[in-house]
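Going by UniProt numbering, the sequence shown opens with residue 1, and the numbers climb by one from there. Accompanying notes for the structure given below.
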Amino acid sequence: MRSDIFDQTNLEVENGQRFFLQNPKMLKVTLGEPVLAAKGAMVAYQGAVQFHHKGSDTLAKFVKRAISSDDQALMTVSGQGDVFFARMAEDVFIIHLEGDAISVGGQSLLAFDATLQWDLHRTRGAGMMTGGLFNTLIQGHGAVALTSDGKPVILDCSQQPTFVDPNAAVCWSANLVPEVVSSMNMSSLLRGGTGEAFQYKFHGPGFVVVQPSEGFSGVVQSG
């Protein structure tokens, strides 16, 4: 049997790391300690692996998840073996936290070490017209895998205010506190709007990762 599909680049990767990229679109995690992952993100696994719904841990976190349109349901993945995760062939990248933190927007969260601490935070200025915007703060020591709908760009927010469509914001420095601002005006509304009604405003020492898409990874349909 012969086919280009059997090319060496398509074979399973073994490199001894716990979190690593099987290819730019697929994450491979070698279990031992459990991981938390987005529900439905598993595409394959090998070994004795169990999947369980991840609850909210605390009442406060449950309330936030109940009212958040940004909430992403999580599952606990445990056991012994290898698990492959992906989302709609989006690009995957891994951030290794070393006692620091990262804020993740929308539906960009793919998987992370279960030993990391996480919580939902409401974005300042996100009122009823935006549907309520929350981001997930993850901190501690461990790996976080995120997805981007296309190759992202990293913008420096320290020199000047940076405005990002909420649907395009993948993640940002945890010390940055985004504010939801509106560019709507009555004249524009009467003409049918611009499609750019709300943005995140970032300003301060830090960065924001922006994907080249306003697709399903976000939650706010502006305009």
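All residues carry an ideal CB built from backbone N, CA and C; glycine is no exception.
- Counting only residues of its own chain and dropping the five nearest sequence neighbours on each side, Q139 has a CB closer than 6 Å to the CB of A101, Q117.
- Three or more Cβ pairs closer than 8 Å define a contact, and the region 78-94 falls short of that threshold against the region 160-167.
- According to the DSSP secondary-structure assignment, T162 is paired through a beta bridge with F202.
- In the DSSP annotation of this structure, the continuous segment of the beta strand (DSSP E) that includes Q46 starts and ends at 42-53.
- In this structure, S213 sits away from C171, with a CB-CB distance that is not shorter than 9 Å.
- For Q8, the closest alpha carbon among the candidates G16, R18, N23 is that of N23.
- In this structure, L146 keeps its C-beta atom at 9 Å or more from the C-beta atom of N135.
- With fewer than 16 other Cβ atoms from the protein chains shown falling within 10 Å of its own Cβ, F6 counts as exposed.
- Cα atoms of L110 and M1: separation of roughly 35 Å, rounded to the nearest angstrom.
- Annotated as proximal: M75 and F51, with beta-carbon spacing under 9 Å.
- When the five nearest sequence neighbours on each side are left out, the beta carbons in the same chain lying within less than 7 Å of the beta carbon of A114 are those of E33, P34, V35, L36, T76, in order along the chain.
- For N23, the enclosing beta strand (DSSP E) begins and ends at 19-23.
- Nearest neighbour of S158 by Cα position, chosen from P152, K201, S182, V180, turns out to be K201.
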